[in-house]
Amino acid sequence: MQLENQLAIAAPKVEFADRVGEASGILIGNFAKVVGIGPNKLFAWMRDHKILIASGSRRNVPMQEYMDRGYFTVKETAVNTNHGIQISFTTKITGRGQQWLTRKLLDNGMLKVTGEAA
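For the sequence shown, position 68 matches number 68 in UniProt numbering, and the numbering has no gaps at all.
Have a look at this one:
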């Protein structure tokens, strides 16, 4: 009986985790707001932990290792400026990446566990 109650409580969380895992991705700044960290703080933390490139024209683009794992996608766009055409990169975190990064942030004390089921 107790196991059935625990399963009933966990069911919505499992369904949510499955949906997030299948999601196509959101901007990292939006993810930061969802988990309650300021975007600037999250970007700085990710650069410090070598998840994102720290400088140059590819600043805030994920390291290849994390792209290969399916945690991020990057869209490349050509932008016409006064100085000619420049390349802009837009990074999105995938559903799988959201799950991974949430665990990593929890493990590193950047997030606190809240809303535990009673």
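A virtual CB, placed ideally from N, CA and C, is assigned to each residue, including glycine.
Every value quoted in this text rests on a predicted model; they were computed, and no experiment measured them.
From the options, residue whose alpha carbon lies closest to that of residue i
{"i": "residue 90", "options": "79, 84, 83, 96", "result": "79"}
{"i": "residue 97", "options": "51, 110, 36, 33", "result": "51"}
{"i": "residue 57", "options": "26, 76, 100", "result": "76"}
For residue i, the three-state DSSP class (helix, strand or coil)
{"i": "residue 92", "result": "strand"}
{"i": "residue 80", "result": "strand"}
{"i": "residue 27", "result": "strand"}
{"i": "residue 52", "result": "strand"}
{"i": "residue 97", "result": "helix"}
Residue i burial status per 10 Å Cβ neighbour count (16 or more: buried)
{"i": "residue 86", "result": "exposed"}
{"i": "residue 32", "result": "buried"}
{"i": "residue 25", "result": "buried"}
{"i": "residue 42", "result": "buried"}
Close-in-space but distant-in-sequence residues of the same chain around residue i (CB under 6 Å, 5 per side omitted)
{"i": "residue 105", "result": "111"}
{"i": "residue 54", "result": "47"}
Own chain partners of residue i with C-beta closer than 7 Å, once the 5 adjacent residues on each side are dropped
{"i": "residue 72", "result": "62, 66, 91, 92, 93, 94, 97"}
{"i": "residue 29", "result": "39"}
{"i": "residue 27", "result": "92"}
DSSP bridge partner residues for residue i (one or two, in chain order)
{"i": "residue 73", "result": "92"}
{"i": "residue 86", "result": "79"}
{"i": "residue 62", "result": "52"}
Own chain residues within Cβ distance below 8 Å of residue i, not counting five before or after
{"i": "residue 173", "result": "The chain is shown only over 1 to 118; residue 173 falls outside these bounds and no answer can be derived."}
{"i": "residue 74", "result": "61, 62, 67, 89, 90, 91, 92"}
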